[in-house]
C-alpha cells in the first residue's frame, strides 16, 4: 500500500500489545471514542512491523517490553521507513535508558503504565489534530500543484498559439507587400505616361487607387513592425531614458518645424529595459501626445518618472484633446480608435505596439485622461 492509498482510506491506528486481554480492551475503548479511526492490532514488534508495512497507519501505539521484537526496535524500523508516523510508546517501567532511546528514535509520546485513559485520549486528540492539519496542507499543496500544472499547460498553449498567429501575421503582411508595390508602380506609370488617353474621371480613379495602395502599403509596414516587435528577444540593460526622450523630441521637431509644442523632459531618468524596444514605446507615446495636442496654442508634453511603492512608474503627459476615461482600455487594442480620433490620421496600432512591448518586459501600461484637458500614459518595466 502506498502513502496516498493509506490517506484515501482514512486515518489508521496500529496498536501493538502482547497481552491479549489488554489488547482487546484497549482496542474497544479507542474504537468507541474514535469511531472514524481504522484500528489494526498486532501481538509483538515483528508482527507489528509487518502490519505497518501492509497498512501504513499514521499512528502507532506500542508496548515497549514484548517478546520476539520489542517496541523500540519496531519503532526504529517504522521511523526509518516512514519518519512522519506518530508513535506513542507505553511502558510499565520508568527506564531512563529506554526514554533516551525513544527520544533518539523520534517517538512522539512516552506514557507510563498503568495507563490513564484520559491521558491517552489527550495525546490522541493532539496527534489527530496534527495529522489532519498535515493532510489538509498536503491536499492544498496537491491542488496548487495541479492548478499550476494546468496554468503552465494553458500558458504554453497560449504562447504557441500567439507565436503561430504572429508568424502568420508576418507572413501575410510580407506576402501582401509585393503585389501592393506592383499596383502602386503600375498606377503611377498610367498616370505619368498615359495621361493623354485618360479623361478626368479616369485620372481621378487612378489617383484614388494610387493613394489607397500607398495607404495599404503603409499599413502593411505597420503590421510587419508590430509582428517584429512582438517576436524580438528582450535584452535588458540599464538605459538612459532621459537621453532617449530628448533624441525623440529633437527628431519630432525636425520633422515638424512649425510645431510650437513645449517639451519638458526630466533629467536622470533610467530604466532596466531593452533600449531598442523601449525607444519604440517612447516614440509612439511622444508621437501620440504631439498628434493630439499640436492644435493647441499652449501645447505641452512632459516625460518623467515617479517612485510608487518601490516601483518605478514612467509617464508621458500632454494637455491635448484627452479622452473619456471609460474608454481607457480600448486605447491599447490594435486598430481600435475612439470617436475623438476620427479626424486625426493613423491606424490605431501605435499604442497597441507600446502595450505589447511593455507586456514583454513584464510591466504594465495604462492611461488616464479627461476630454478637453489632456491625457497621461503610465508604464512600468
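In UniProt numbering, the protein residues as written are 1 to 381. A virtual CB, placed ideally from N, CA and C, is assigned to each residue, including glycine.
Asked, Found
"Whole-angstrom distance between residue 86 and residue 47, CA atom to CA atom", "18 Å"
"Simplified DSSP state of residue 18, which is helix, strand or coil", "coil"
"Range of the contiguous beta strand (DSSP E) that encloses residue 312", "311-318"
"Residue environment, residue 33, which counts as buried when at least 16 other CB atoms sit within 10 Å", "exposed"
"Same chain only: Cβ atoms within 8 Å of residue 284, ignoring 5 sequence neighbours per side", "350, 351, 353, 354"
"Among 197, 274, 371, nearest to residue 238 - alpha-carbon criterion", "274"
"Stretch pair the segment 284-294 + the segment 313-326: three plus CB contacts closer than 8 Å", "yes"
"Close-in-space but distant-in-sequence residues of the same chain around residue 376 (CB under 6 Å, 5 per side omitted)", "315, 317, 368"
"Member of 294, 98, 113, 37 whose CA lies at the smallest distance from the CA of residue 128", "37"
"Residue 302, enclosing beta strand (DSSP E) - first and last residue", "300-308"
"DSSP three-state assignment for residue 91, whether helix, strand or coil", "strand"
"DSSP-derived helix/strand/coil call for residue 264", "strand"
"Endpoints, beta strand (DSSP E) assigned at residue 38", "38-42"
"Chain B contact for residue 74 (CB, 7 Å cutoff)", "Note that chain B does not occur in the displayed structure, where there is just one protein chain."
"Close beta carbons around residue 195, own chain, < 7 Å, minus the five adjacent residues each side", "203"
"Same chain, Cβ closer than 7 Å to residue 67, neighbours up to 5 away in sequence not counted", "18, 44"
"Close Cβ partners of residue 267 (< 8 Å) along its chain, the five nearest in sequence each way excluded", "242"
"When 309, 308, 370 are compared against residue 323, the one with the closest alpha-carbon", "370"
"Inter-stretch contact at 8 Å, needing at least 3 Cβ pairs: the segment 250-266 / the segment 201-219", "no"
"Local Cβ density within 10 Å of residue 365, reported as buried at 16 or more and exposed below that", "buried"
"Residues near residue 10 by beta carbon distance below 8 Å, same chain, minus five either side", "36, 37, 38"
"Residue 384, enclosing beta strand (DSSP E) - first and last residue", "There is no way to answer for residue 384, as the model of the chain reaches only from 1 to 381."
"Of the residues 185, 289, 131, the one placed nearest residue 378, counting alpha carbons only", "289"
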